[in-house]
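Numbering (the numbering used here), first residue to last: 30 to 272.
Cβ atoms here follow ideal geometry from the backbone N, Cα and C, with glycine treated the same way.
Printed below as a string of structure tokens:
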């Protein structure tokens with residue numbers, strides 16, 4: 030894709046993102062304001078993510094190896110190299126809450142939606158981290174799953190190589206005996222690189238939901254963290270070889 034076409038395609042994708050989100054936002058507000066309806070607001074968001082990728086003509090190949098059980102909450106953890114990762118996690122099934130950086134709350138409209146329907150964490154503040162842990166456990170006890178980017182943000186300088194994971198997701202998994210599903214987002218760093226240009230390179234995307242990992246009695250937070258890291262990184266390496 031040459032530079033002019035890339036600019037046109039990126040502008041179109043950005044415009045569709047803004048207009049489509051504005052279109053669904055009143056319905057999300059209704060779900061936020063009516064007691065007990067927040068999960069329906071998150072459901073709207075999942076449908077929006079699927080429609081968005083269709084409207085920008087970006088196919089997403091999904092390999093679901095997890096065999097999720099109905100009614101069972103899971104912790105989904107994924108690599109995070111691109112702003113495209115967040116909407117793509119809308120393909121995750123069931124009611125799930127994102128655990129994301131508190132800075133997201135500053136974004137117009139999207140920030141309000143995130144604050145009300147998901148869980149924001151300020152990793153610089155100990156009190157905020159404790160509150161995030163409490164809200165995450167409460168979400169699981171209420172039947173919601175969690176989506177966590179355990180790298181803590183887009184920090185790697187050498188994708189598809191991840192940086193070490195933070196421990197929070199694995200603390201929750203062991204303390205509440207919640208199964209983890211590692212997720213590999215294989216090509217988002219190629220489609221929308223974190224280089225400040227916000228230019229899309231068209232190519233099919235890929236998401237792999239790996240087999241469920243159950244914490245065992247022998248697992249520590251560190252061993253569980255390493256298991257999950259290896260699953261995601263091995264898939265990233267394999268898909269990089271197949272480019």
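Inset, instruction - Starting from the N-terminal side, write out each stretch of the beta strand (DSSP E) that is 3 residues or longer and does not extend beyond the stretch 177-244. - result: 209-214 and 234-238
Inset, instruction - Using the Cα positions of residue 151 and residue 207, report the straight-line distance between them to the nearest angstrom. - result: On the chain shown, residue 151 is found 122 positions in, with the first residue counted as 1. On the chain shown, residue 207 is found 178 positions in, with the first residue counted as 1. Straight-line Cα distance between these residues: approximately 23 Å.
Legend entry - residue 209 to residue 126 span [Cα, whole Å]: Indexing the chain shown from 1 puts residue 209 at position 180. Indexing the chain shown from 1 puts residue 126 at position 97. Approximately 14 Å, taken between the alpha carbons.
Inset, instruction - Return yes when the Cβ of residue 229 is within less than 9 Å of the Cβ of residue 38, no when it is not. - result: Here residue 38 corresponds to residue number 9 of the chain shown, with the count starting at 1. Here residue 229 corresponds to residue number 200 of the chain shown, with the count starting at 1. Cβ distance < 9 Å, so residue 38 and residue 229 count as in contact.
Inset, instruction - In angstroms with no decimal places, state the Cα-to-Cα distance between residue 129 and residue 119. - result: Within the chain shown, residue 129 is the residue found at index 100, counting from 1. Within the chain shown, residue 119 is the residue found at index 90, counting from 1. Distance between the alpha carbons of residue 129 and residue 119 is about 14 Å.
Inset, instruction - Kindly give me the distance between the Cβ atoms of residue 104 and residue 177, rounded to whole angstroms, as I take these residues to be in contact under 8 Å. - result: Here residue 104 refers to the residue found at position 75 when the chain shown is read from its first residue. Here residue 177 refers to the residue found at position 148 when the chain shown is read from its first residue. Indeed, because the Cβ distance is near 6 Å, the residues count as touching under 8 Å.
Legend entry - Close-in-space but distant-in-sequence residues of the same chain around residue 77 (CB under 6 Å, 5 per side omitted): Here residue 77 refers to the residue found at position 48 when the chain shown is read from its first residue. Around residue 77: 53.
Legend entry - Cα-Cα separation, residue 46 to residue 238: Your numbering for residue 46 matches position 17 in the chain shown. Your numbering for residue 238 matches position 209 in the chain shown. When rounded, the distance between both Cα atoms is 25 Å.
Inset, instruction - Return helix, strand or coil for residue 119, following the three-state DSSP convention. - result: Walking along the chain shown from the start, residue 119 turns up at place 90. Helix.
Legend entry - Sub-9 Å separation of residue 81 and residue 111 beta-carbons: Taking the chain shown and counting its residues from 1, the one referred to as residue 81 is at position 52. Taking the chain shown and counting its residues from 1, the one referred to as residue 111 is at position 82. Cβ atoms of residue 81 and residue 111: not closer than 9 Å.
Legend entry - N- and C-terminal bounds of the alpha helix (DSSP H) containing residue 74: In the chain shown, residue 74 corresponds to position 45, counting from 1. Where residue 74 is concerned, the enclosing alpha helix (DSSP H) stretches over 67-84.
Legend entry - Cα-Cα separation between residue 170 and residue 32, rounded to whole angstroms: As a working note, residue 170 is residue 141 in the chain shown. As a working note, residue 32 is residue 3 in the chain shown. Looking at the two C-alpha atoms, the distance is approximately 49 Å.
Inset, instruction - Report yes if the C-beta distance between residue 114 and residue 217 is below 9 Å; otherwise report no. - result: By 1-based counting over the chain shown, the position of residue 114 is 85. By 1-based counting over the chain shown, the position of residue 217 is 188. Going by C-beta atoms, residue 114 is nearer than 9 Å to residue 217.
Inset, instruction - Alpha carbon to alpha carbon, how far is residue 158 from residue 189? Give it in angstroms, no decimals. - result: Stepping through the chain shown from its first residue, residue 189 is reached at position 160. Stepping through the chain shown from its first residue, residue 158 is reached at position 129. Rounded to whole angstroms, residue 189 to residue 158 spans 28 Å at the Cα level.
Inset, instruction - With a cut-off of 8 Å on the beta carbons, I'd call residue 234 and residue 44 a contact; round off their distance for me. - result: Numbered from 1 along the chain shown, position 205 holds the residue referred to as residue 234. Numbered from 1 along the chain shown, position 15 holds the residue referred to as residue 44. With 8 Å as the limit, residue 234 and residue 44 do not qualify as a contact, their Cβ atoms being about 20 Å apart.
Legend entry - Run of the beta strand (DSSP E) containing residue 90, from where it starts to where it stops: On the chain shown, position 61 is the one that residue 90 refers to. 89-93 is the extent of the beta strand (DSSP E) around residue 90.
Legend entry - Proximity of residue 57 and residue 175 at Cβ, strictly below 9 Å: Taking the first residue of the chain shown as position 1, residue 57 is located at position 28. Taking the first residue of the chain shown as position 1, residue 175 is located at position 146. No.
Legend entry - Three-state secondary structure (DSSP) of residue 97: The residue labelled residue 97 in the question sits at position 68 within the chain shown. Three-state result, residue 97: coil.
Legend entry - Through-space distance from residue 62 to residue 180, alpha-carbon basis: As a working mapping, residue 180 is identified with position 151 in the chain shown. As a working mapping, residue 62 is identified with position 33 in the chain shown. So the alpha carbons of these two residues sit roughly 33 Å apart.
Inset, instruction - For residue 125, write down the residues that DSSP places opposite it in a beta bridge. - result: Numbered from its first residue, the chain shown carries residue 125 at position 96. The partner list for residue 125 (beta bridge, DSSP) reads 174.
Inset, instruction - Determine the burial state of residue 184: buried for a count of at least 16 other Cβ atoms within 10 Å of its Cβ, exposed for fewer. - result: Taking the chain shown and counting its residues from 1, one reaches residue 184 at position 155. The residue is exposed, with fewer than 16 neighbouring Cβ atoms inside 10 Å.
Inset, instruction - Taking only heavy atoms of the ligand NAP into account, decide whether any of them is closer than 8 Å to the Cβ of residue 134. - result: The model on display carries no ligand, and the ligand NAP is accordingly not part of it.
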